[in-house]
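Undergrad: Residue numbers (my numbering): 76 to 215.
Here it is: the structure, laid out below.
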């Protein structure tokens, strides 16, 4: 298990993406899990990212989906602005086509991986170090 979520959550995400005609990759799911692990609502963020990708398949990705993720502390509009050189108004228009939505998902996934890739591993390492220090302190 490489996500902080239950196997059931990851399975639901995989099935949801497949049913939308998207071939989910472990890299995408891991990037979403890493991103969710640093948000204020991990499971909600993970689910919002999956819904965003589902909506993109039909060319219907708009600000509503992106705002759900932003509300959880992830600056998706900033990432899309940097990666695709789009303003907030441009993003709303760009996501209306299947091609634009697909480009947004690709850019966002890359940007999220650059910012948050490995976040879960890092959190786990920090936890283990703190536990080790605490155990050493108890033995002294």
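All residues carry an ideal CB built from backbone N, CA and C; glycine is no exception.
For clarity, every value in this text was computed on a predicted model and none was experimentally measured.
Using CA coordinates, which residue listed in 88, 166, 119, 170 is at the minimum distance from residue 134?
TA: Nearest C-alpha to residue 134: 170.
Undergrad: Excluding the 5 residues flanking residue 76 on each side, which residues of the same chain have their C-beta closer than 6 Å to its C-beta?
TA: The pLDDT assigned to residue 76 is 46, lower than 50, so where the model puts this residue is not dependable; a value taken from the coordinates is nonetheless given after this. Nothing meets the Cβ criterion.
Undergrad: Indicate the three-state DSSP secondary structure (helix, strand or coil) for residue 130 in the structure shown.
TA: If DSSP states are grouped into helix, strand and coil, residue 130 belongs with the helices.
Undergrad: Near residue 144, which residues of its chain fall below 7 Å by C-beta distance, leaving aside the five closest residues on each side in sequence?
TA: Counting only Cβ-Cβ distances below 7 Å, and skipping sequence neighbours, we find 120, 123, 124, 127, 151.
Undergrad: To the nearest angstrom, how far is it from the Cα of residue 179 to the Cα of residue 92?
TA: Each residue's Cα considered, the two are about 16 Å apart.
Undergrad: Got a sec? Which residues, its chain only, sit under 7 Å from residue 95 by beta carbon, not counting five neighbours each side?
TA: Excluding positions up to five away in sequence, the list reads 129, 132.
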